[in-house]
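Take a look at the structure set out below.
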Amino acid sequence: MSTPTCTVGVVLGGVAPEHEVSIISALQAAAALDRSRYRPIPLYIAKDGTWYTGDALLDVETYRDLDRLRAQATPVALHPNRHGTLRIVEVPAASRWERMRHTPLRATIDVMLLGLHGGPGEDGSIQGLCEAMGVPYTGSGVVGSAIGIDKVLSKELCRLHDIPVVDFVALRESEWAHHEDEQLDRCIDMLGLPLIVKPARCGSSIGIDRADTRAELDAAIEDAFRYDSKVIVEEAVTALREINCSVLGTPAEAEASVLEEPVPSSEEEVLSFQDKYMREDDAGSSGAKARGPEGMASLDRIIPAELDSGRTTAIQEQAVRIFQLFECAGVARIDFMMDRNTGAVYFNEINTIPGSFSFYLWEPSGVPFDRLMHRMIQAAQQRFSEASGRIRTYDVNLLSERSLSGFKGSKSNGSGS
Ligand SMILES: Nc1ncnc2c1ncn2[C@@H]1O[C@H](COP(=O)(O)OP(=O)(O)O)[C@@H](O)[C@H]1O
Ligand SMILES: [Mg+2]
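Now the structure itself:
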């Protein structure tokens, strides 16, 4: 086997409710990397925000015992490096003796594989960190991630481009606190009942409720504000079919996967966190329901979704359009809601780091997991090199002595003496 040429920092964990889900997605991705090309270095963000590395972090068993994990892993800090790479350096030991007898770990990362879900891992924050550090990273950029995580801004962007969305009202905590009754009236007058209430920037169905009465709406909004200062209240699609489509590539060259139809475990309309990630394997499930190993891939789903070819193509084209609109890169999953009675299809949400990187949609689309990862990394490098070709700095030193004359804080005009 040839020596891998590219070192991939596989970022996993994170300070978000989807911490464990991220560990599964990222380890699946690390295992799928073609080792003749890529050398994975795990970068685990613990729940307290500390970053760790170490080979043991590539094994899911390590995460069962967090004390053992801390003993086996090395805390690291990130350092900007030569443009286009990132350096990780072991956090120095507290004792002088330890520091003297130990050579601190250092490694250079060529590309960051962002395997985080929710919170700062998916809302543009860590993407911004990578931009500022000057290192390529997989997935969407800062803007697409930030808009994509926000269910209000996403729907507004789609509506602006004539992509159907259900009617909704956005509520901010400050307005709600002083005008509860008015806001409840506004929601019911505009949207009727039943309604779905969601924190604007969470995921995994956290804080989502259905309201059939005004009292339930009040309680659901109160509950959603526990998770976010912005809440979205939407018309409920009562005869619901959920249809998801993954898109891969860059805005210039985007390709849609086969469609999936997730199946809820009960008659409840809202797919729960349990439905999504915590179902036990039941070997007796019907042949039409594919089941992947773990994580997002454990949800019962029909692949490909049973829709006629015209409808399938229309949804795939819409998914590609949305991917382009959000200026996504790598892989994203776009989720639609279909009304069984009217056949109307609405954009529901975009996941810019989808669970399990949607590999279970790409395999039946003819893209094996190793290839999916390769294409994601290529997209990251392509976006980076395109951005690096732009003018970022000027060779002229604006702080040369001459240009400083007249500057308030400079000694040359006497103000500093
Ligand atoms: N307007 C709606 N009408 C009916 N069901 C909905 C509606 N919006 C969401 N749901 C249900 O709630 C689930 C979670 O909502 P979603 O917007 O996808 O948030 P999350 O980011 O938490 O996945 C959906 O998968 C669907 O089952
Ligand atoms: Mg969803």
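For the sequence shown, this note's numbering begins at 5 and goes up steadily by one.
Just so it is clear, CB atoms sit at the ideal spot from N, CA and C, and this is done for glycine as well.
Tell me the rounded alpha-carbon separation between residue i and residue j.
| i | j | result |
| --- | --- | --- |
| G207 | I192 | 25 Å |
| Q386 | H182 | 49 Å |
| V12 | P268 | 36 Å |
| W366 | S261 | 6 Å |
| F363 | L117 | 15 Å |
| I49 | F340 | 31 Å |
| R305 | R394 | 44 Å |
| E24 | P140 | 25 Å |
| G53 | L82 | 13 Å |
| L161 | Y67 | 39 Å |
| I326 | V241 | 21 Å |
| T7 | A391 | 28 Å |
| V173 | R43 | 47 Å |
| L199 | D232 | 18 Å |
| I45 | Y56 | 10 Å |
| E468 | K234 | Residue 468 is absent from the model: the chain starts at 5 and stops at 421. |
| D63 | L47 | 13 Å |
| G307 | Y350 | First, the amino acid is wrong: residue 307 is Ile here, not Gly. If you take the alpha carbons of I307 and Y350, they lie about 20 Å apart. |
| T112 | C10 | 10 Å |
| G123 | A20 | 5 Å |
| E246 | A318 | 15 Å |
Give the DSSP-derived three-state secondary structure of residue i in the structure shown.
| i | result |
| --- | --- |
| D222 | helix |
| Y364 | helix |
| G125 | helix |
| V14 | strand |
| R2 | Since the first and last residues shown for the chain are 5 and 421, residue 2 lies out of range. |
| R163 | helix |
| D343 | strand |
| C332 | coil |
| V64 | helix |
| R91 | strand |
| F388 | helix |
| C249 | strand |
| I192 | helix |
| S208 | coil |
| F172 | strand |
| S158 | helix |
| K412 | coil |
| T112 | strand |
| E310 | coil |
Does the Cβ of residue i have 16 or more other Cβ atoms within 10 Å, making it buried, or fewer, making it exposed?
| i | result |
| --- | --- |
| D216 | exposed |
| W180 | buried |
| S99 | exposed |
| H106 | exposed |
| A330 | Sequence check: residue 330 is Phe here, not Ala. Classification for F330: buried. |
| P422 | Examination of residue 422 is not possible in this model, given that the chain is present from 5 through 421 alone. |
| G370 | exposed |
| R428 | Any property of residue 428 remains undetermined from this structure, which presents the chain solely from 5 to 421. |
| V335 | buried |
| N345 | exposed |
| A34 | buried |
| F229 | buried |
| E238 | buried |
| H165 | exposed |
Tell me residue i's beta-bridge partners as DSSP assigns them.
| i | result |
| --- | --- |
| Y231 | BP columns for Y231 are empty, so no partner. |
| R214 | I200 |
| R337 | S250 and N355 |
| R43 | T11 |
| Y56 | Y48 and P79 |
| P266 | R305 |
| L70 | BP columns for L70 are empty, so no partner. |
| E257 | T254 |
Give a yes or no on whether 9 Å exceeds the smallest Cβ distance from residue i to chain C.
| i | result |
| --- | --- |
| G334 | The structure shown contains no chain C; it is built from a single protein chain. |
I want to check one thing, is the minimum distance from the CB of residue i to the heavy atoms of ligand 4 below 8 Å?
| i | result |
| --- | --- |
| G207 | Absence of ligand 4 is noted for the structure shown, with ligand 1 and ligand 2 being the only ligands found. |
Between the region 82-98 and the region 59-71, do three or more beta carbon pairs fall short of 8 Å? no
Can at least three beta-carbon pairs, one atom from the region 150-167 and one from the region 24-43, be found at a separation below 8 Å? no
Under 8 Å: do the region 141-152 and the region 312-321 share three or more Cβ pairs, one atom per stretch? no
Between the region 123-139 and the region 210-224, do three or more beta carbon pairs fall short of 8 Å? no
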